[in-house]
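Visitor: I have a structure here, written as structure tokens, and I will follow up with some questions on it.
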Amino acid sequence: MNPMKNIVLLAALAGALGLSACGKKAETPATGAAPTAGGDTLVVKLGHAAPLTGPQAHLGKDNESGVRLAVDDLNAKGFEIGGRKVRFELLSEDDQADPRVATTVAKKFVDDGVNAIIGHLNSGTTIPASRIYHDAGIVEVSPSATNPKYTQQGYANAFRVMANDVQQGKVLGEFAVQDMGAKKIAIIDDRSAYGQGLADEFEKAVMASGGKVVVREYTNDKASDFTAILTKIKGVGPDLLFYGGMDGQGAPMTRQMKTLGLKAQFLGGDGVHTAEFMKLAGPAAEGATASLPGVPLEVMPKGPQFKQRFEAKYGTIQLYAPYCYDAVMVVAEAMQRAGSIDPAKYLPEMAKTRHEGVTASIGFDDKGDLSNGAITVYRVENGDWKVLKTIGGPAAAPAPTP
Amino acid sequence: MDILVQQLINGLILGSIYALIALGYTMVYGILGLINFAHGEIVMIGAMVTITCLNLLIGSGVELPGLLLVGLSLLMAIPACALLGFTIERVAYRPLRNAPRLAPLITAIGVSIVLQNLAMMIWGRQYVAFPSILPAEPHQVLGASITSLQILIVVLAAAMMAGLMLLVHRTRLGRAMRATSQSPQVASLMGVNVNHVISMTFILGSCLGSVAGVMVSANYGQAHAYMGFLLGLKAFSAAVLGGIGNLGGAVVGGLLLGIIESLGAGYIGDFTGGFLGSQYQDVFAFMVLILVLVFRPSGLMGERVAERP
Amino acid sequence: MSKSPLKVRLAYAGIALLLLAAPFLMGAGFGNSWVRVLDFVLLYAMLALGLNIVVGYAGLLDLGYIAFYAVGAYLFAILASPQFDWHVSAWIILPMGGMLACLAGATLGAPTLRLRGDYLAIVTLGFGEIVRLFMNNLDRPVNITNGPQGINLIDGVTLFGHPLERGFTLFGQRFPSDYAYYYLFLALTLLVIFVCIRLENSRIGRAWVAIREDEIAAQAMGINTRNVKLLAFAMGASFGGIAGCLFAAFQGFVSPESFTLMESVMVVCMVVLGGMGHIPGVILGAVLLTVAPEFLREIVNPLQRALFGRMIVDPENLRMLLFGLALIIVMLFRPAGLWPSRRRREELEEAHD
Numbered sequence: 001m002n003p004m005k006n007i008v009l010l011a012a013l014a015g016a017l018g019l020s021a022c023g024k025k026a027e028t029p030a031t032g033a034a035p036t037a038g039g040d041t042l043v044v045k046l047g048h049a050a051p052l053t054g055p056q057a058h059l060g061k062d063n064e065s066g067v068r069l070a071v072d073d074l075n076a077k078g079f080e081i082g083g084r085k086v087r088f089e090l091l092s093e094d095d096q097a098d099p100r101v102a103t104t105v106a107k108k109f110v111d112d113g114v115n116a117i118i119g120h121l122n123s124g125t126t127i128p129a130s131r132i133y134h135d136a137g138i139v140e141v142s143p144s145a146t147n148p149k150y151t152q153q154g155y156a157n158a159f160r161v162m163a164n165d166v167q168q169g170k171v172l173g174e175f176a177v178q179d180m181g182a183k184k185i186a187i188i189d190d191r192s193a194y195g196q197g198l199a200d201e202f203e204k205a206v207m208a209s210g211g212k213v214v215v216r217e218y219t220n221d222k223a224s225d226f227t228a229i230l231t232k233i234k235g236v237g238p239d240l241l242f243y244g245g246m247d248g249q250g251a252p253m254t255r256q257m258k259t260l261g262l263k264a265q266f267l268g269g270d271g272v273h274t275a276e277f278m279k280l281a282g283p284a285a286e287g288a289t290a291s292l293p294g295v296p297l298e299v300m301p302k303g304p305q306f307k308q309r310f311e312a313k314y315g316t317i318q319l320y321a322p323y324c325y326d327a328v329m330v331v332a333e334a335m336q337r338a339g340s341i342d343p344a345k346y347l348p349e350m351a352k353t354r355h356e357g358v359t360a361s362i363g364f365d366d367k368g369d370l371s372n373g374a375i376t377v378y379r380v381e382n383g384d385w386k387v388l389k390t391i392g393g394p395a396a397a398p399a400p401t402p
Numbered sequence: 001m002d003i004l005v006q007q008l009i010n011g012l013i014l015g016s017i018y019a020l021i022a023l024g025y026t027m028v029y030g031i032l033g034l035i036n037f038a039h040g041e042i043v044m045i046g047a048m049v050t051i052t053c054l055n056l057l058i059g060s061g062v063e064l065p066g067l068l069l070v071g072l073s074l075l076m077a078i079p080a081c082a083l084l085g086f087t088i089e090r091v092a093y094r095p096l097r098n099a100p101r102l103a104p105l106i107t108a109i110g111v112s113i114v115l116q117n118l119a120m121m122i123w124g125r126q127y128v129a130f131p132s133i134l135p136a137e138p139h140q141v142l143g144a145s146i147t148s149l150q151i152l153i154v155v156l157a158a159a160m161m162a163g164l165m166l167l168v169h170r171t172r173l174g175r176a177m178r179a180t181s182q183s184p185q186v187a188s189l190m191g192v193n194v195n196h197v198i199s200m201t202f203i204l205g206s207c208l209g210s211v212a213g214v215m216v217s218a219n220y221g222q223a224h225a226y227m228g229f230l231l232g233l234k235a236f237s238a239a240v241l242g243g244i245g246n247l248g249g250a251v252v253g254g255l256l257l258g259i260i261e262s263l264g265a266g267y268i269g270d271f272t273g274g275f276l277g278s279q280y281q282d283v284f285a286f287m288v289l290i291l292v293l294v295f296r297p298s299g300l301m302g303e304r305v306a307e308r309p
Numbered sequence: 001m002s003k004s005p006l007k008v009r010l011a012y013a014g015i016a017l018l019l020l021a022a023p024f025l026m027g028a029g030f031g032n033s034w035v036r037v038l039d040f041v042l043l044y045a046m047l048a049l050g051l052n053i054v055v056g057y058a059g060l061l062d063l064g065y066i067a068f069y070a071v072g073a074y075l076f077a078i079l080a081s082p083q084f085d086w087h088v089s090a091w092i093i094l095p096m097g098g099m100l101a102c103l104a105g106a107t108l109g110a111p112t113l114r115l116r117g118d119y120l121a122i123v124t125l126g127f128g129e130i131v132r133l134f135m136n137n138l139d140r141p142v143n144i145t146n147g148p149q150g151i152n153l154i155d156g157v158t159l160f161g162h163p164l165e166r167g168f169t170l171f172g173q174r175f176p177s178d179y180a181y182y183y184l185f186l187a188l189t190l191l192v193i194f195v196c197i198r199l200e201n202s203r204i205g206r207a208w209v210a211i212r213e214d215e216i217a218a219q220a221m222g223i224n225t226r227n228v229k230l231l232a233f234a235m236g237a238s239f240g241g242i243a244g245c246l247f248a249a250f251q252g253f254v255s256p257e258s259f260t261l262m263e264s265v266m267v268v269c270m271v272v273l274g275g276m277g278h279i280p281g282v283i284l285g286a287v288l289l290t291v292a293p294e295f296l297r298e299i300v301n302p303l304q305r306a307l308f309g310r311m312i313v314d315p316e317n318l319r320m321l322l323f324g325l326a327l328i329i330v331m332l333f334r335p336a337g338l339w340p341s342r343r344r345r346e347e348l349e350e351a352h353d
């Protein structure tokens, strides 16, 4: 072994590493210089993180578009904070739905000195990243992480503009028993953080409202064959099957239920409430029921207009884009009321939010969760999701009509 | 009782597909002593190409019965996969035939990663829907349901396996394959073109794999760039279970694994008092694999010992 | 060493200085998030060095290595988090994590040692998946791992009564926790490197190489192949376990999705691409494969947006595609890796003659 040679190689390596990072360094001043360039314009940096690559890239992209539309709207409107014109700047990062990458991204946002975070998309990334935002004192609003734990950590800076799994599971459980008249209920979950969390809350709600969970089975988020568990469930003869998971599994599940002659009604959460579900399930989708937090866009005052503008710019809404739009607006209004873009200063105003958004009228409870979060249940009829019923929300807390 | 029959039928359908894929692994292993990790990806590409062709045919307004359309699309998918299998062997395995044993295994993993990601670039990250053109009405057999498609899958798989057996045991090429699997050197001395035989093996295995891919995507109504990986792993377990390198063993192993999975997911909860449940469905395949390799490395029907030099 | 010329000693001192100053250089130059990348480089270097013992020295392909990382991480998470409200000190858990992983390695090794090459690869792959599935499902009937939700709010490491979480203050400057963890990881990585160097030149190290090259000949030479292989598994696993503990403490959150098969493959790639059995090569592999994705994030996305106005190639796909291609190309043209040891290179050259 020639130690000298190794050392030279190692030094070269270190040099290469340094160089590689220099490329990045050169870009930083460009963004840093922006505030001065705009004269007395104040620049608000919004961080957005979601999986922009990987199996959920379509959802992440959708979130990003929602944030972007809000940012464009605010900039076009000439939004003012504390008497100064502001320009919102979007920093969007890919967290790959991976907790490890998400924490790195979070550190990057802290470095960049963002004024607020919209994100992350998944609960599995939002929870570890929230610790970093909390330590740095940055306000975080998640548009789509539904795990109750996110807001239960005691972080004052953590908010979400979507009903959490407890709220959604509760509504679904009650709906299953009371509205769908199910007595014997089967539950399947995909053993992901989302699916399992929702299924657990659903189970509790079913039992609380007098229903009976007769069988609970499991699959995984990459499976496509459910015949074994469905056959077992058929043997028990439930009148409703709840699936906690995503459309990629929910769709073939409805097909296989048909094939096996399992006559239970199919109910799912927001993960199956997609356009994709219909494509994959084909005729078997008919009659499937699923919930989506919030009020249908058609019902909200600003909803249809949002939908039309969004779709003209970015195509069909996948899932959470409207929530992202609302999240940005909530943050912007809190900044305006506080007259400051400093998270420490506008944080108290976040808690006092009363915002008529495109998804719901938004206010937060003491944990930062949506108070009175409305949830709407839909059913597939003639290949389209039709509104069945909206539970909670404006009905429970009448919106201040203009 | 009809629940048990249904579970057995579920296992039979799953098992036929495993068996068909397992044949691809076992043929290559028998001849080269190599686990072709990329075989699962060939299955996936077969499914994807077929779906693309189907969509093109339907989009261009061809009015034919669904089954015929699938058949036409298969005519595109089979050569595509055969070519792919042939290319993989030429590029990634042949240059390493005399290299240390780990080398081709690692290139195999590399090929598998490349194919998965290429597929994602071409067909996207989402599930791709298989057009609903095949009849999905179930028939009742002994109190259990089965669709015409599923009957076709089982029959077709059986026919293809029988065809392969005939080919290996009754034709010149088959004899050359068997000779090569015993000793490539001696076979080449006897006038067998070993490279040709190996190429043919990959081509044949890929054809079977592409048909299996179509069966899977038609049965479940969808395909995904990742679908080949787990499917391949399960099928490989099946091949090992039956005794790798042994064609009959692959068939038996595939069917057995399908049935073990179905019965396991269906009944394990009752047997263990709810301690283990269907959440461990994928564990069964790996457990079976490990147990077989540890206690009977030659598999159920294999004669060869696992420790090949 | 004592007789090494001044130039070599100066070079060593230079590297030592560079390593000590690295986080400050990175932090000042490119932001604190790159210090975190450095931390992960060190974690993966530990993992890769551990796997190198199994794959590089003993020639046993282990595709389930991440399982040991998971064992360490979960042990730490369970013993030092609100999960059971146990808050054991990190300094007690670290050796425990090493030992538990060691035990897991031996448990896996014992029944599978009869297998060789690709069979072993498949069995270890299965083992890795089984461990992950158990982590994912051991929340019922008794909640041990908290299932897919993962374990959150894990305690950090405390050094001399000072929690590394809080970072440190130097010359009136506040430095976040990533800096503090960097030095902890650096110290442990150097320890691992030291152990590896000592092992490499020991009886055991030579026995491993002998087994890798020709097991039957090694046996004939009086090497107890079973025990020596078992030792390789156990040693490699224990490094993985320690790295896992550090990961849990550093990240503060563990969930099963961090321990997928792809992570195992990634660590194998680090070892193979860098240079099997060669410590500097393996470290090079860890550095390249950890920095590359961050690098692509900085370069590919903005570049694509600037060139085409939208994302055409998914950088994650591109990264994996490049990995796949790199694996194939390196195996075809440099089967011993990018920076192989001299012994290995010579062996291969001989083989080709």
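Those protein sequence lines, which keep their order, are chains A, B and C.
Position 251 (the first sequence) corresponds to 251 in the working numbering; numbering is contiguous.
Position 87 (the second sequence) corresponds to 87 in the working numbering; numbering is contiguous.
Position 145 (the third sequence) corresponds to 145 in the working numbering; numbering is contiguous.
Glycine included, each C-beta is placed from N, C-alpha and C at the ideal position.
Computed from a predicted structure; not experimentally measured.
Alpha helix (DSSP H) containing A/A258: first to last residue?
Guide: Residue identity check: residue 258 of chain A is Lys in the sequence provided, not Ala. D247 to L260 is the extent of the alpha helix (DSSP H) around A/K258.
Visitor: Look at B/Q7 and B/S278 and say whether their C-beta atoms are less than 8 Å apart.
Guide: No, these two residues do not count as a Cβ contact at 8 Å.
Visitor: A/T316 touches chain B at which residues, Cβ-Cβ below 9 Å?
Guide: Within 9 Å Cβ-Cβ: nothing; A/T316 doesn't reach chain B, min ~13 Å.
Visitor: Quick one: any contact between the segment 136–144 of chain A and the segment 296–306 of chain A, if contact means 3 or more CB pairs under 8 Å?
Guide: no
Visitor: Determine the direct distance from the alpha carbon of C/G50 to that of C/L103, and round the result to whole angstroms.
Guide: Rounded to the nearest angstrom, the two C-alpha atoms are 15 Å apart.
Visitor: Would you report the Cα separation of C/A22 and C/R9, rounded to the nearest angstrom?
Guide: 20 Å
Visitor: With 8 Å set as the bound, which would you pick, yes or no: does the beta-carbon of C/E153 sit closer than that to a beta-carbon of chain A?
Guide: Looking at the sequence itself, residue 153 of chain C is Leu, so the reference to Glu does not match. Answer yes: the Cβ-Cβ gap between C/L153 and chain A drops below 8 Å somewhere.
Visitor: Counting pairs of Cβ atoms below 8 Å between the segment 215–225 of chain A and the segment 160–168 of chain A, do you hit three or more?
Guide: no
Visitor: Which residues, taken in chain order from the segment 28–56 of chain C, show a beta carbon closer than 7 Å to some beta carbon of chain A?
Guide: G29, F30, G31, N32, S33, W34, R36 and V37
Visitor: Give me the Cα-Cα distance between A/P29 and C/F30, rounded to the nearest whole angstrom.
Guide: The predicted model places A/P29 with a pLDDT of 36, which falls under 50 and marks its position as unreliable, so this point remains unresolved.
Visitor: Determine whether the Cβ of A/I138 lies closer than 8 Å to any Cβ atom of chain C.
Guide: For A/I138, the nearest beta carbon of chain C is not closer than 8 Å to its own beta carbon.
Visitor: Taking the alpha carbon of C/V157 as the reference point, which residue from C/L184, C/N143, C/G150 and C/F134 has its own alpha carbon closest?
Guide: C/L184
Visitor: Taking 8 Å as the limit between beta carbons, can you name the residues of its chain near A/K232, skipping five residues before and five after?
Guide: V215 and E217
Visitor: Taking the alpha-carbon positions, what's the C/D214 to A/T227 distance?
Guide: 48 Å
Visitor: As a quick exercise: from A/K183, A/E174 and A/Q168, pick the residue whose alpha carbon is nearest that of A/V236.
Guide: A/K183
Visitor: With 16 as the cutoff for other CB atoms within 10 Å, does C/W86 come out buried or exposed?
Guide: Around the beta carbon of C/W86, fewer than 16 other beta carbons lie within 10 angstroms, which makes this residue exposed.
Visitor: According to DSSP, what are the bridge partners of B/G85?
Guide: Looking at the DSSP assignment, B/G85 forms no beta bridge with any residue, so it has no partner.
Visitor: Does the segment 177–191 of chain C come into contact with the segment 37–48 of chain C, if we say contact requires no fewer than three beta-carbon pairs (one atom in each stretch) closer than 8 Å?
Guide: yes
Visitor: With DSSP as the reference, identify every bridge partner of A/K389, one or two as the case may be.
Guide: A/V377
Visitor: If the criterion is Cβ atoms closer than 8 Å, does the pair A/V166 and A/V328 meet it?
Guide: no
Visitor: Is DSSP giving B/A35 helix, strand or coil here?
Guide: Sequence check: residue 35 of chain B is Ile here, not Ala. The answer is coil: DSSP assigns B/I35 none of H, G, I, E or B.
Visitor: Contact criterion: CB-CB distance below 8 Å. Does B/Y25 meet it with respect to chain A?
Guide: Not one chain A Cβ lies under 8 Å of B/Y25.
Visitor: Pull out every residue of the segment 120–135 of chain B whose Cβ sits closer than 7 Å to any Cβ of chain A, in chain order.
Guide: So the close ones are R125, Q126, Y127, A129 and S132.
Visitor: Which two residues bound the contiguous alpha helix (DSSP H) that contains B/S217?
Guide: V194 to Y220
Visitor: State the start and end residues of the unbroken alpha helix (DSSP H) segment that holds A/D94.
Guide: Element bounds for A/D94: not the alpha helix (DSSP H) but the beta strand (DSSP E), R84 to D94.
Visitor: For B/V5, tell me which candidate among B/I51, B/V141, B/I106 and B/T87 has the shortest Cα-Cα distance.
Guide: Comparing Cα-Cα distances from B/V5 to each of B/I51, B/V141, B/I106 and B/T87, the minimum goes to B/V141.
Visitor: Which residues in chain B have a C-beta closer than 7 Å to the C-beta of C/M320? List them in chain order.
Guide: By Cβ distance, chain B contributes I113 and N117.
Visitor: Who are the Cβ neighbours of A/A321 in its own chain at under 8 Å, not counting the five residues just before and after it?
Guide: D62, N63, S65, G66, L69, F310 and Y314
Visitor: Give me whichever residues DSSP pairs with B/L129 in a beta bridge.
Guide: Note that residue 129 of chain B is Ala in the sequence shown, not Leu. Answer is B/Q222, bridged to B/A129.
Visitor: So what does A/D189 bridge to, in DSSP terms?
Guide: A/Y218 and A/G244
Visitor: What residues in the segment 93–116 of chain C have a beta carbon less than 9 Å from any beta carbon of chain B?
Guide: P111, T112, R114, L115 and R116
Visitor: Would you call the segment 270–278 of chain C and the segment 72–90 of chain C in contact, with 3 or more CB pairs under 8 Å?
Guide: no
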